[in-house]
Amino acid sequence: MTRRREESVVDRDRTHTDDPLHHLRLGAGDTLRAAVAFADRMALRRSVRDFSGEPIPDGVIEAAVRAAASAPSGANIQPWRFVVVTSPARKRRLRVAAEAEEREFYTRRAPAEWLDALAPIGTDWHKPFLETAPAVIVVFEVHQGPRSPKPYYVKESVGIAVGLLIAALHHAGLATLTHTPSPMRFLNEVCGRPPEERPNVVIPVGYPAAGARVPALTRKPLDEVLIRC
Numbered sequence: 000m001t002r003r004r005e006e007s008v009v010d011r012d013r014t015h016t017d018d019p020l021h022h023l024r025l026g027a028g029d030t031l032r033a034a035v036a037f038a039d040r041m042a043l044r045r046s047v048r049d050f051s052g053e054p055i056p057d058g059v060i061e062a063a064v065r066a067a068a069s070a071p072s073g074a075n076i077q078p079w080r081f082v083v084v085t086s087p088a089r090k091r092r093l094r095v096a097a098e099a100e101e102r103e104f105y106t107r108r109a110p111a112e113w114l115d116a117l118a119p120i121g122t123d124w125h126k127p128f129l130e131t132a133p134a135v136i137v138v139f140e141v142h143q144g145p146r147s148p149k150p151y152y153v154k155e156s157v158g159i160a161v162g163l164l165i166a167a168l169h170h171a172g173l174a175t176l177t178h179t180p181s182p183m184r185f186l187n188e189v190c191g192r193p194p195e196e197r198p199n200v201v202i203p204v205g206y207p208a209a210g211a212r213v214p215a216l217t218r219k220p221l222d223e224v225l226i227r228c
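First residue of the sequence shown? That's 0 in numbering that gives the first Met the number 0, and the numbers climb one at a time after it.
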């Protein structure tokens, strides 16, 4: 090992610190029960497009975002921002801009194969849920910029955080939808975010409307998605 290499190792060791691990370990029976209970609860999760205007209790979104922000990330850079939109005027702007992009997608941009795949879900360019949901969370990826360091594995890190966010909101009894208009750069202007932040997904949040319905879809069986080797 060269002297330069030795010095780099020493420098890295000097900046590295450890904390004790606080880990909740359950007994074998409780571990299985917890896993099954969580899986059963998450199996009831569905993407919802019909929202009630009922307000979300104070502190719920903050707790869900705190759970999302506990996600692992490349080099612990934590390259995410969760912008919570509740202003009716701003939600209206968001809907108008999103529908303009979605209208282009459904009428001009999308190939027939893609439209055929979407047909069983029954979606089109109309996005009223962007206004009717009491809150819309716009998740941004934070890339390198004047106020942010270079991130690593951005999409992977933000994807894990979004998964935790959806799970936390569902666990709290709320409904969500993952909406990804394309392109999404208009969200920077609507949300007042700098250019180094890039929109990843739009998540309307709230209680389902009375009588809300969802597409009759099925999930793949476990033996098709779980492979042991």
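All residues carry an ideal CB built from backbone N, CA and C; glycine is no exception.
Predicted model, so just to flag it, every value in this text is computed and none were measured.
7 Å CB neighbourhood of residue i in its chain, flanking five on each side removed
i       : result
Arg-214 : What sits at residue 214 in the sequence shown is Pro, not Arg. Excluding positions up to five away in sequence, the list reads Pro-119, Ile-120 and Gly-121.
Glu-130 : Lys-90, Arg-91 and Arg-94
Leu-168 : Ala-63, Thr-175 and Val-204
Gly-52  : Thr-131 and Pro-133
Ala-96  : Phe-185 and Val-189
Ala-166 : Met-41
Limits of the unbroken alpha helix (DSSP H) element including residue i
i       : result
Glu-101 : 87-103
Trp-233 : This structure cannot settle anything about residue 233, because the visible part of the chain is limited to 0 through 228.
Gly-121 : Per DSSP, Gly-121 belongs to no alpha helix (DSSP H) and is neither H nor E.
Val-59  : 59-67
Gly-28  : 27-42
Thr-131 : 128-131
Val-189 : 185-190
Leu-221 : 221-224
Boundaries of the beta strand (DSSP E) in which residue i is found, first to last residue
i       : result
Gly-205 : 196-205
6 Å CB neighbourhood of residue i in its chain, flanking five on each side removed
i       : result
Ile-159 : Ala-70
Pro-207 : Val-47 and Ala-174
Pro-54  : Pro-133
Ala-67  : Ala-160, Leu-163 and Leu-164
Tyr-152 : Gly-73
Residue i Cβ short of 7 Å to the ligand GTP heavy atom set
i       : result
Arg-192 : For the structure depicted, the ligand GTP is absent and the ligand set is empty, with no information on it obtainable.
Identity of the residues DSSP links to residue i by a beta bridge
i       : result
Trp-79  : Glu-140
Phe-50  : Pro-207
His-178 : Val-201
Gly-73  : Tyr-151
Val-157 : BP columns for Val-157 are empty, so no partner.
Ala-134 : Val-204
Val-84  : Val-135
Cβ separation of residue i and residue j, assumed to be a contact under 8 Å, to the nearest whole Å
i       : j       : result
Ser-156 : Ser-72  : 4 Å
Pro-145 : Pro-78  : No, Pro-145 and Pro-78 are not in contact; Cβ-Cβ is about 15 Å, not under 8 Å.
Val-84  : Val-137 : 6 Å
Residue from the options with nearest C-alpha to residue i
i       : options                              : result
Pro-127 : Val-64, Val-204 and Arg-218          : Val-204
Glu-248 : Gly-58, Val-153, Ile-202 and Lys-90  : There is simply no residue 248 to check, as the chain begins at 0 and stops at 228 in what is shown.
Lys-154 : Pro-194, Pro-87 and Pro-198          : Pro-198
Glu-103 : His-142, Pro-180 and Arg-24          : Pro-180
Ala-109 : Pro-193, Arg-218, Leu-25 and Pro-182 : Pro-182
Pro-193 : Ala-88, Gln-143 and Glu-112          : Gln-143
Ala-99  : Leu-43, Trp-124 and Gly-191          : Trp-124
Ala-275 : Asp-49, Arg-44 and Ile-202           : Because residue 275 is not part of the residues shown, which for the chain are 0 to 228, the question remains open.
Cutoff 8 Å; reference residue i; Cβ partners in own chain excluding five residues on either side
i       : result
Ala-171 : Val-59, Ala-62 and Ala-63
CB contact below 8 Å: residue i versus chain C
i      : result
Ile-55 : The chain labelled as chain C is not found in the depicted structure, where only one protein chain is given.
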